[in-house]
Ligand code: IFM
């Protein structure tokens, strides 16, 4: 068993969410369309109309949701700011009503004793910017700079914890290379410039926040990470795993740490230098106050002749006969210990926050209750590995469960339920799952 008391008293435990996945209110109070509004609309037949247009209606229901969060003893809430709610055109005029909403949200958090943690960008680029080339156009950078400044100047007197980007590899990879996320673009011609500008955006956003926020603000950014292992001992699988490491873990992280793009195993990515301008090298690193690790699983990788470029393929956990979630992600808690150890011992990262960890299981609402022992076990086992890493000296300062209420899981829409709280999408009723009761008890020191 793992207990709250095994962690330092100041250790921040919380829950994470994101604007597009929860807020809904897609066109309320002057909000402009984002690439996800557009992508859901373009996929409306295939997706039977499912979208984040309403999601959890958090925009209108945040007072009740935050009351529930406080009742559960959750003291930290990480969410994001919808860029097109604040700047409907991406740049240009500010939508005061949109900013006012975030003002109320922050004030309500504070009034409830909940510390707000804000991510500037969690994948919902204003559609107006995508029409000009989106992340693949360098003009996204001054627009992002302005967005960061507007938000920081308005909320910086009350919000102390900030994150610039959420998981750049996922939005650049799934959105601009594989095309199954918004904006649905494919290939290196989109991915490489998008990737370079996203990497640059971390430094751009970090510098703006540092200039605009009062002393004492904590500025971070977040990365998706997975523990990668080769499928057996064959050297071809080993080489494939090294390429997967670059793609899944290293590509966006290392430039920020001042190590440059890791290209030794993936020469095809060298074409990224085509999008470099003189001086970019010096602008990629940024000394963040903390880095956010978002870790869910281990990936076992094998050589694959047929997979273009990467020549590597993830071996599904079902094929390996190991437990996995409805996302097809292996339940492998030691991954958290291993990656925290690597960030600490290999990279020397000074302050780490686990900004996301959690699992989707096939939850059923039965007689007003959701009995989800797999989620509780998942969280307990990951917290035990977290505690092990902290005891071994990893400088981890916080842990956030993904997520508070079930919400819109991007291309998977509403089927995967990650929440500690069940969302009945027909009525917007919230039902605390057994795992939510367990987390409340853990936080209370039970
Ligand atoms: O829902 C996502 C979140 O938006 C980013 N990190 C992973 C979560 C689960 O897939």
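Residue numbers (the numbering used here): 1437 to 1882. The beta-carbon is built from N, C-alpha and C at its ideal position, and this holds for glycine as well. Computed from a predicted structure; not experimentally measured.
>> So, with DSSP's three-state summary, where would you put residue 1494?
In response: helix
> Alpha carbon to alpha carbon, how far is residue 1679 from residue 1787?
Replying inline: 27 Å
> Secondary structure at residue 1626, three-state DSSP: helix, strand or coil?
Replying inline: In the structure shown, residue 1626 adopts helical secondary structure according to DSSP, grouped into three states.
> On the three-pair Cβ rule with 8 Å, is the segment 1480-1498 touching the segment 1563-1582?
Replying inline: no
> Does the Cβ-Cβ distance between residue 1658 and residue 1603 come in under 8 Å?
Replying inline: Contact flag set, yes.
>> Considering only their Cβ atoms, is the gap separating residue 1488 from residue 1524 smaller than 8 Å?
In response: No, the Cβ-Cβ distance between residue 1524 and residue 1488 is not below 8 Å.
> Is there contact here, the segment 1718-1736 with the segment 1777-1795, by at least three beta-carbon pairs under 8 Å?
Replying inline: yes
>> Is it the case that the segment 1670-1677 contacts the segment 1639-1651, given that we only count it when at least three CB pairs across the two stretches are under 8 Å?
In response: Of all C-beta pairs linking the segment 1639-1651 to the segment 1670-1677, fewer than three are shorter than 8 Å, placing the two stretches out of contact.
> Roughly how many angstroms separate the alpha carbons of residue 1828 and residue 1863, rounded to a whole number?
Replying inline: C-alpha separation (whole angstroms): 46 Å.
> Does DSSP put residue 1857 in a helix, in a strand, or in coil?
Replying inline: DSSP places residue 1857 in the strand class (E or B) of the three-state scheme.
>> Does the beta-carbon of residue 1427, which I'm using as the reference point, lie nearer than 7 Å to any heavy atom of ligand 1?
In response: Since the first and last residues shown for the chain are 1437 and 1882, residue 1427 lies out of range.
>> The alpha helix (DSSP H) that contains residue 1553, what's its start and end?
In response: Looking at the DSSP string, residue 1553 is not in any alpha helix (DSSP H); the run it does join, the beta strand (DSSP E), is 1551-1557.
>> Let me check one thing: in DSSP terms, what residues is residue 1471 bridge-paired to?
In response: None, per the DSSP bridge assignment.
> Taking Cβ positions, are residue 1879 and residue 1822 nearer each other than 8 Å?
Replying inline: no
> Any idea what DSSP makes of residue 1663, helix, strand or coil?
Replying inline: strand
> For residue 1409, which residues of its own chain have a beta-carbon under 7 Å away from its beta-carbon, when the five flanking residues on both sides are left out?
Replying inline: In the structure displayed, the chain extends from 1437 to 1882; residue 1409 sits before or after that span and is not available.
> Measuring from the CB of residue 1436, is there a heavy atom of ligand 1 at a distance below 7 Å?
Replying inline: A question about residue 1436 goes unanswered here, because the residues of the chain that appear run from 1437 up to 1882.
>> Under DSSP, the beta strand (DSSP E) around residue 1730 begins and ends at which residues?
In response: 1726-1739
>> Under 7 Å: does the beta carbon of residue 1659 sit that close to some heavy atom of ligand 1?
In response: no
> Could you give the distance in angstroms between the alpha-carbon of residue 1542 and the alpha-carbon of residue 1621?
Replying inline: 35 Å
>> Measuring only from the beta carbon, is residue 1854 closer than 7 Å to any heavy atom that is part of ligand 1?
In response: yes
> Is residue 1454 near ligand 1, judged by its Cβ being under 7 Å from some heavy atom?
Replying inline: yes
>> Output needed for residue 1596: all residues of its chain with C-beta closer than 8 Å, excluding positions within five of it in sequence on either side, in chain order.
In response: 1551, 1652, 1653 and 1654
> CB-CB under 8 Å to residue 1530, same chain, minus the five flanking residues each way: which ones, in chain order?
Replying inline: 1522, 1523 and 1586
> Using the C-alpha atoms, what's the distance from residue 1612 back to residue 1461?
Replying inline: 26 Å
> Cα separation between residue 1545 and residue 1502?
Replying inline: 7 Å
> What are the uninterrupted segments assigned as alpha helix (DSSP H) that are 4 or more residues long and contained completely in the segment 1624-1709, given in chain order?
Replying inline: 1624-1648, 1671-1681 and 1689-1692
> Roughly how far, in whole angstroms, is the beta-carbon of residue 1614 from the beta-carbon of residue 1637, given that I think they are within contact range, below 8 Å?
Replying inline: Actually they are not in contact, since the Cβ atoms of residue 1614 and residue 1637 sit about 20 Å apart, beyond 8 Å.
>> In the DSSP output, what is residue 1836 paired with across the bridge?
In response: Bridge pairing for residue 1836: 1450 [DSSP].
>> For the alpha helix (DSSP H) containing residue 1811, name the first residue and the last one.
In response: 1809-1827
>> Within a Cβ cutoff of 6 Å, which residues of the same chain sit near residue 1476, ignoring the five residues on either side of it in sequence?
In response: 1487
> Among residues of its own chain, excluding the 5 on either side of residue 1495, which ones have a beta-carbon nearer than 6 Å to its beta-carbon?
Replying inline: 1459, 1460 and 1461
> What residues in its chain sit with their C-beta under 6 Å from that of residue 1775, if we drop five residues either side in the sequence?
Replying inline: Excluding positions up to five away in sequence, the list reads 1661, 1663 and 1731.
>> To the nearest angstrom, how far is the alpha carbon of residue 1768 from that of residue 1528?
In response: Roughly 46 Å between the two C-alpha positions.
> Nearest CA to the CA of residue 1826: which residue from 1781, 1865 and 1805?
Replying inline: 1781
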